[in-house]
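Taking it in order: structure first as structure tokens, then the write-up.
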Amino acid sequence: MGILEDIKERQEKFLETPRESIKKFIEYQRKFSLGLVTLSNKQNRPDLLIIFKEFHKQYSFLIEKLFEARLVSSLSFKDDKRDSVILQTSKQIKIAILDHDNKTKPMEEVIFSLKKSYASLLEFLWGKLKRIIFFAGLNPNEKHLDLSKIKKKLEELEKQYKIDLNLIKNLLEGDLRNGIHHENTHFEEPDFLVFTKQVEGKFEEISRINFENLLEELISSITILTAFHHVEATVLVPHLEQILKLNDEQLSEYCKTGKLTKEMEEKILRK
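In this note's numbering, the protein residues as written are 73 to 343.
Written as structure tokens, this is what we have:
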């Protein structure tokens, strides 16, 4: 199932029982940290908790400043695509690991499958940063921004709001991140993905990564994206708790239209 089909199916299930779906979402956020601890233990990577904490901290400061400037609202971060990207990438990683461990596919296929997953994940991360830049008013016409321009815009945000975004800016650096979409890649035994670029008519190697390190990069990226998701969900939860004051008919209508009638607003504001 593709991402768009997955989103449609999730939306349909949500609308079947909107009240229960919202309650489950809120409860999930409260139990979220336990899931991260489990992932950290399974992967034998205690550093995932540190990665989550540090990126969560920087992204929280950034979102807080945008809220203070009244540039965003809780609904600015409603994102149907996000969960599907994380879910599908996680599934692809599990399949690649099984193919690797059981030797059911050649290593070359496994490596290129992980490369594809990593590229999709990074594209989604870049899109998220571009969206923040748009909200901040630094790219109002949503012109194309390459990685260097995204970094410059983040530096503008640092100066404007006097915050540190070094970790987030570092996501935009490195030969692997700049070359993951590069068509000039090839496989080398035993498990290397090699990136090259053309210089004076010849291809020169710019970076290489093996199966284990590519897997680590993927899991780290999922952790970072999950940290961003948790910040956004945290600002969305108070809004969801408010709309639970609506009766079932009103709640169903709001979930379908995204609009509050005067009667709905009065009910929400009522203590």
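Even glycine gets a Cβ: it sits at the ideal position worked out from N, Cα and C.
For arginine 280, does the three-state DSSP call read helix, strand or coil? strand
Out of Glu335, Ala141, Lys187, state which residue places its alpha-carbon closest to the alpha-carbon of valine 266. Lys187
Between the beta-carbon of leucine 244 and the beta-carbon of lysine 223, is there less than 9 Å? yes
For the beta strand (DSSP E) that histidine 258 lies in, which residues bound it at each end? That run of the beta strand (DSSP E) goes 257 to 260.
Assuming contact is defined by CB atoms lying nearer than 9 Å, are leucine 217 and isoleucine 204 in contact in what I supplied? no
Tell me leucine 265's beta-bridge partners as DSSP assigns them. Phe259, Ile281
Contact under 9 Å by Cβ, glutamine 130 with aspartate 263: no
Which residues in the same chain as leucine 138 place their Cβ atom closer than 7 Å to its Cβ, once the five residues preceding and following it in sequence are excluded? Contacts found: Val144, Phe207, Ala208.
Three-pair Cβ contact test at 8 Å for the stretch 276 to 285 versus the stretch 174 to 193: yes
Three-state secondary structure (DSSP) at valine 157? helix
Spatial distance of glutamate 88 from lysine 200 (CA atoms): 29 Å
Restricting to Cα atoms, I'd like to know which of Glu325, Ile98, Glu92, Leu120 is closest to histidine 311. Ile98
Using the C-alpha atoms, what's the distance from serine 292 back to glutamate 195? 15 Å
Which word fits serine 29, buried or exposed, when buried means at least 16 other C-beta atoms lie within 10 angstroms of its C-beta? No answer is possible for residue 29: it lies beyond the span of the chain, which begins at 73 and ends at 343.
Examine the Cβ distances between the stretch 294 to 314 and the stretch 156 to 167 and report whether three or more of them are shorter than 8 Å. For the pair of segments examined, the stretch 294 to 314 was found to touch the stretch 156 to 167: the number of CB pairs separated by less than 8 Å reaches three.
In this structure, does DSSP put valine 271 in helix, strand or coil? strand
Which whole-angstrom value describes the C-beta separation of valine 307 and isoleucine 135, a residue pair presumed to lie in contact below a C-beta threshold of 8 Å? About 7 Å separates the two Cβ atoms, so the contact holds.
Quick check on DSSP: helix, strand or coil for alanine 141? Alanine 141: coil per DSSP, three-state reduction.
Got a sec? Which residues, its chain only, sit under 8 Å from lysine 202 by beta carbon, not counting five neighbours each side? Asn211, Glu214, Leu217, Ile222
Does DSSP classify asparagine 116 as helix, strand or coil? Coil.
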